[in-house]
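S.K.:
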Amino acid sequence: MAARSHVQDPNDRRLRPVYDYLDNANNKMAIQQADRVLKKHRDLHCAKVLKAIGLQRLGRQDEALGLARDVAALEPTDDNSLQALTILYREMHRPELVMKLYESAVRKFPANEDHQAHLFMAYVRIGEYKKMQHAAMALYKVTPKNPYYFWAVMSVVMQVASYTHSYTHSYTHSYTATHTATHTATHTATQLHTQLHTQLHTQLHSYTHSYNNNNNRHSPLSGGDVTTTLVPGYVHPEAT
Numbered sequence: 311m312a313a314r315s316h317v318q319d320p321n322d323r324r325l326r327p328v329y330d331y332l333d334n335a336n337n338k339m340a341i342q343q344a345d346r347v348l349k350k351h352r353d354l355h356c357a358k359v360l361k362a363i364g365l366q367r368l369g370r371q372d373e374a375l376g377l378a379r380d381v382a383a384l385e386p387t388d389d390n391s392l393q394a395l396t397i398l399y400r401e402m403h404r405p406e407l408v409m410k411l412y413e414s415a416v417r418k419f420p421a422n423e424d425h426q427a428h429l430f431m432a433y434v435r436i437g438e439y440k441k442m443q444h445a446a447m448a449l450y451k452v453t454p455k456n457p458y459y460f461w462a463v464m465s466v467v468m469q470v471a472s473y474t475h476s477y478t479h480s481y482t483h484s485y486t487a488t489h490t491a492t493h494t495a496t497h498t499a500t501q502l503h504t505q506l507h508t509q510l511h512t513q514l515h516s517y518t519h520s521y522n523n524n525n526n527r528h529s530p531l532s533g534g535d536v537t538t539t540l541v542p543g544y545v546h547p548e549a550t
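Okay, structure coming up:
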C-alpha cells in the first residue's frame, strides 16, 4: 500500500519540468521543454496548453490562442488540460471560454462533481445567474451537499437583485431622457421666441423709420407714429 501511494501519473512526471520553468518565469525554456515532450508524445494535450501559456506570457497571444483552440476543439476532460486551459484563458481575460470548456466536459461526464463545480464558478465569473442556478441544482443532484443547495438559492437571489437593478436603471434613464428632452424643447422655444421678437422689433422699427422719413407726418389716428398705432402695447425705442 505504501508503494502504491507513491505511484505517479507518467504524464505528470514528463510535464513537471515545464511547470517548473513556468513557475520560475522562464517562459522560453518552458516552450522548448514542451516541444521536447510533444516530439515524443504528440497527443499529450496538456503539453500544448503549457506551451501556449509560455507563448502568452511572451506576448505571442495569437499563437497561444491558436494552440488553445486546437486543444479545446477536442473537448478534453482530463484535469491537467482543463486546469491549464483555465489558467491560460484567465490570463487572456476570456472567462467565456472557460465556461464553454466546462460545459463540454459536463456534457461528457454529467456526474463528475469537479466538472460541475468548475462550471458553476465559470458562470459566476461572467454573471450568468440563471445558468448558475441550473448548474447548482445539477451539482446538488449529483452530490447532495448543503453548500450546493445554498449556491442555487444564492443564484435566485442574484437574479432578483439583477432584475431590480436593471428595472430601476431603465426607469431612471427614461425619466432623465424625458426631462432632458423637455428642457431642450423649452430652451429651443425660448430662443425661437426671442429671435422672432427681435426680428419683429427690427422690421417694425425699420418700417416706421422709413415711413416717417418719406411722409414726414404722424398717424391721424392717435397723433403718434405708425408703429404705436398699429401694434398695441408696443413702445418705440426712442420713447424709452
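Every letter in the sequence shown is one number past the one before it in the working numbering, and letter 147, counting from 1, is 457. Virtual Cβ for every residue (Gly too), placed ideally from N, Cα, C.
Would you tell me roughly how many angstroms separate the C-alpha atoms of alanine 427 and lysine 361, rounded to the nearest one?
M.R.: By 1-based counting over the sequence shown, the position of residue 427 is 117. By 1-based counting over the sequence shown, the position of residue 361 is 51. Straight-line Cα distance between these residues: approximately 26 angstroms.
S.K.: At the level of alpha carbons, what is the spacing between glutamate 373 and proline 454?
M.R.: Stepping through the sequence shown from its first residue, residue 373 is reached at position 63. Stepping through the sequence shown from its first residue, residue 454 is reached at position 144. Taking the straight line joining both Cα atoms gives about 42 angstroms.
S.K.: Residue ranges of each alpha helix (DSSP H) run of no fewer than 4 residues wholly in the stretch 334 to 408, ordered along the chain?
M.R.: 337 to 350, 355 to 367, 371 to 383 and 389 to 401
S.K.: Whole angstroms is fine: what's the gap from leucine 395's alpha carbon to threonine 474's?
M.R.: Here residue 395 refers to the residue found at position 85 of the sequence shown. Here residue 474 refers to the residue found at position 164 of the sequence shown. Rounded to whole angstroms, the separation of the alpha carbons of threonine 474 and leucine 395 is 35 angstroms.
S.K.: Sort Gly376, Ser414, Leu384 and Arg417 by Cα distance to leucine 398 and report the nearest one.
M.R.: Translated into positions along the sequence shown, residue 398 becomes position 88. Ranking Gly376, Ser414, Leu384 and Arg417 by Cα distance to leucine 398 puts Gly376 first.
S.K.: Can you grab the Cα-Cα spacing for the pair tryptophan 461 / glutamine 443, in whole Å?
M.R.: Here residue 461 corresponds to residue number 151 of the sequence shown, with the count starting at 1. Here residue 443 corresponds to residue number 133 of the sequence shown, with the count starting at 1. So the alpha carbons of these two residues sit roughly 7 angstroms apart.
S.K.: Go ahead and label histidine 350 buried or exposed: buried means 16 or more other beta carbons lie within 10 angstroms of its beta carbon, across all protein chains shown.
M.R.: As a first step, residue 350 must be located in the sequence shown, where it is residue number 40. Residue identity differs from the one stated: residue 350 is lysine in this sequence, not histidine. Classification of lysine 350: exposed, given that the 10 Å Cβ count is below 16.
S.K.: Please determine, among Leu354, Asp389 and Arg367, the residue with the shortest C-alpha to C-alpha distance to aspartate 380.
M.R.: In the sequence shown, residue 380 corresponds to position 70, counting from 1. Ranking the options by Cα distance to aspartate 380, first place goes to Leu354.
S.K.: Is it the case that the Cβ atoms of aspartate 415 and proline 386 are separated by a distance below 9 angstroms?
M.R.: Position 105 of the sequence shown, counted from the first residue, corresponds to residue 415. Position 76 of the sequence shown, counted from the first residue, corresponds to residue 386. At residue 415 the sequence reads alanine, which differs from the aspartate that was named. In this structure, proline 386 lies closer than 9 angstroms to alanine 415 by Cβ.
S.K.: Excluding sequence positions up to five away, which residues of its chain have a Cβ less than 6 angstroms from the Cβ of methionine 468?
M.R.: Translated into the one-based positions of the sequence shown, residue 468 becomes position 158. Answer for methionine 468: Tyr439, listed in chain order.
S.K.: What would DSSP say about aspartate 322, mapped onto helix, strand or coil?
M.R.: Taking the sequence shown and counting its residues from 1, the one referred to as residue 322 is at position 12. In this structure, aspartate 322 counts as helix in the three-state DSSP scheme.
S.K.: DSSP on glutamate 413, reduced to helix/strand/coil?
M.R.: By one-based count along the sequence shown, residue 413 stands at place 103. Glutamate 413 falls in the helix class under three-state DSSP.
S.K.: Could you have a look at proline 457 and say whether DSSP puts it in helix, strand or coil?
M.R.: Taking the first residue of the sequence shown as 1, we reach residue 457 at position 147. It is helical.
S.K.: Since glycine 369 contacts alanine 340 with CB under 8 angstroms, what's their CB separation in whole angstroms?
M.R.: On the sequence shown, residue 369 is found 59 positions in, with the first residue counted as 1. On the sequence shown, residue 340 is found 30 positions in, with the first residue counted as 1. So it is not a contact: roughly 14 angstroms between Cβ atoms.
S.K.: Given that a residue counts as buried once 16 or more other Cβ atoms are within 10 Å of its Cβ, and exposed if not, what is proline 547?
M.R.: By 1-based counting over the sequence shown, the position of residue 547 is 237. Its pLDDT being 48, under 50, proline 547 is placed unreliably by the model, and the measurement read from it follows with that caveat. Classification of proline 547: exposed, given that the 10 Å Cβ count is below 16.
S.K.: According to the neighbour-count rule (16 or more other Cβ atoms, all chains shown, within 10 Å of its Cβ), is valine 408 buried or exposed?
M.R.: Taking the first residue of the sequence shown as 1, we reach residue 408 at position 98. Using a 10 angstroms sphere on the CB of valine 408, the tally of other CB atoms reaches 16 or more, which defines it as buried.
S.K.: Can you tell me where the alpha helix (DSSP H) holding glutamate 423 begins and where it ends?
M.R.: Taking the sequence shown and counting its residues from 1, one reaches residue 423 at position 113. Its alpha helix (DSSP H) spans residues 423 to 436.
S.K.: With a CB to CB cut of under 8 angstroms and the five nearest residues on each side skipped, what residues in its chain are close to valine 347?
M.R.: As a working note, residue 347 is residue 37 in the sequence shown. Hits under 8 angstroms: Arg324, Leu325, Val328, Leu354 and Ala357.
S.K.: Hey, alanine 446 and serine 472 are a contact pair by Cβ (cut 8 angstroms); roughly how many whole angstroms apart?
M.R.: Counted from its first residue, the sequence shown places residue 446 at position 136. Counted from its first residue, the sequence shown places residue 472 at position 162. No, alanine 446 and serine 472 are not in contact; Cβ-Cβ is about 16 angstroms, not under 8 angstroms.
S.K.: With burial defined as no fewer than 16 other Cβ atoms inside 10 Å of the residue's Cβ, what is the status of glutamine 343: buried or exposed?
M.R.: Within the sequence shown, the letter at position 33 stands for residue 343. Glutamine 343 sits buried, since 16 or more C-beta atoms from the chains shown fall within 10 Å of its C-beta.
S.K.: Which class does proline 420 belong to by DSSP, given the choice of helix, strand or coil?
M.R.: Sequence index remark: in the sequence shown, residue 420 carries index 110 (1-based). Coil at proline 420, not helix or strand.
S.K.: My guess is that leucine 429 and glutamate 413 are in contact by the Cβ rule of under 8 angstroms, so how many angstroms apart are they, rounded?
M.R.: On the sequence shown, position 119 is the one that residue 429 refers to. On the sequence shown, position 103 is the one that residue 413 refers to. Right, the Cβ-Cβ distance comes to about 6 angstroms (below 8 angstroms), so this counts as a contact.
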